[in-house]
Amino acid sequence: MFLTFSKVTSSYSTKEKGHGRIEERLYYYSTDINWMDAKKDWTKLTGIGMVIRKVEINGQKTEERAYHLGSVKTAEDYARGVRMHWGIESTHWSLDVTFREDANRTRKGCAPQNLALLKRMALNMVKKDQERKPKKSLKMRRFMACLDDEYLEYIFSINFR
101 MFLTFSKVTS SYSTKEKGHG RIEERLYYYS TDINWMDAKK DWTKLTGIGM
151 VIRKVEINGQ KTEERAYHLG SVKTAEDYAR GVRMHWGIES THWSLDVTFR
201 EDANRTRKGC APQNLALLKR MALNMVKKDQ ERKPKKSLKM RRFMACLDDE
251 YLEYIFSINF R
């Protein structure tokens, strides 16, 4: 099921329900990588993992598989790394949708790093509004803060109490 040439050394699973979906993840990890010729090129490589993600939304089921090289020892640590990676991807997606990050052409000096930091700070500040405009998108909340000084002041107040 995992790899025909490598035995599974540990496995781990999670199941989450919410937002109208059921998501099950099965993680398999193998530290049996002596067969891998390229192992010598990756000094910290300790294993290879596979995650099977099964999602059911309104009775419709999907399944996908992803494989990763890793530097951890167990399937549980591998699962944590995969989830952390998707958390980072989610932040990048939010930045792109909210601030059109991919269209940014700032290139000189420290400006790209400074602008990226300010955008992340602004995104986190707008995310904290769970009282006044919780149903509005992050992009809309950001736009409203530009137009309404009172809302902008509220955003600052909930972040710097």
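The working numbering puts the sequence shown at residues 101 to 261.
Virtual Cβ for every residue (Gly too), placed ideally from N, Cα, C.
query = Which whole runs of the alpha helix (DSSP H) in the segment 215-251 are 4 residues long or more, in chain order?
reply = 238-247
query = Are Thr-191 and Leu-223 close, meaning C-beta to C-beta below 9 Å?
reply = yes
Where the beta strand (DSSP E) containing Val-151 begins and where it ends = 147-157
query = Between the Cα of Thr-143 and the Cα atoms of Arg-153, Leu-169 and Arg-165, which residue gives the shortest distance?
reply = For the options Arg-153, Leu-169 and Arg-165, the alpha carbon positioned closest to that of Thr-143 is the one of Leu-169.
request  = Decide if the segment 122-136 is in contact with the segment 147-156; the criterion is three or more beta carbon pairs, one per stretch, under 8 Å apart.
outcome  = yes
request  = Given a cut-off of 9 Å, decide if Tyr-251 and Met-240 are closer than it, judged by their beta-carbon atoms.
outcome  = no
request  = Let me know if Thr-198 comes out buried or exposed under the rule of 16 or more other beta-carbons within 10 Å of its beta-carbon.
outcome  = That one is buried.
ask   = How is Gly-120 classed by DSSP in three states: helix, strand or coil?
value = Three-state DSSP puts Gly-120 in coil, outside helix and strand.
ask   = So is Ala-138 buried or exposed if we call it buried at 16+ other beta carbons inside 10 Å?
value = By the neighbour-count criterion, in which a residue is buried when 16 or more other Cβ atoms sit within 10 angstroms of its Cβ, Ala-138 is exposed.
query = Just curious, the beta strand (DSSP E) that Gly-170 is in, first and last residue?
reply = 160-170
task = Evaluate Ile-255 with the Cβ neighbour count: other Cβ atoms within 10 Å of its Cβ, from every protein chain shown; 16 or more gives buried, anything less gives exposed.
result = So Ile-255 counts as buried.
inquiry  = Determine whether the beta carbon atoms of Asn-259 and Lys-228 lie at a separation below 9 Å.
reply    = yes
ask   = Taking the Cβ atom as the reference point for each residue, do Tyr-127 and Thr-114 lie within a distance shorter than 9 Å?
value = Taking a C-beta distance under 9 Å as the contact criterion, Tyr-127 and Thr-114 qualify as a contact pair.
query = What is the rounded straight-line gap between the Cα of His-158 and the Cα of His-119?
reply = As written in the sequence, residue 158 is Asn, which differs from the His given in the question. Distance between the alpha carbons of Asn-158 and His-119 is about 11 Å.
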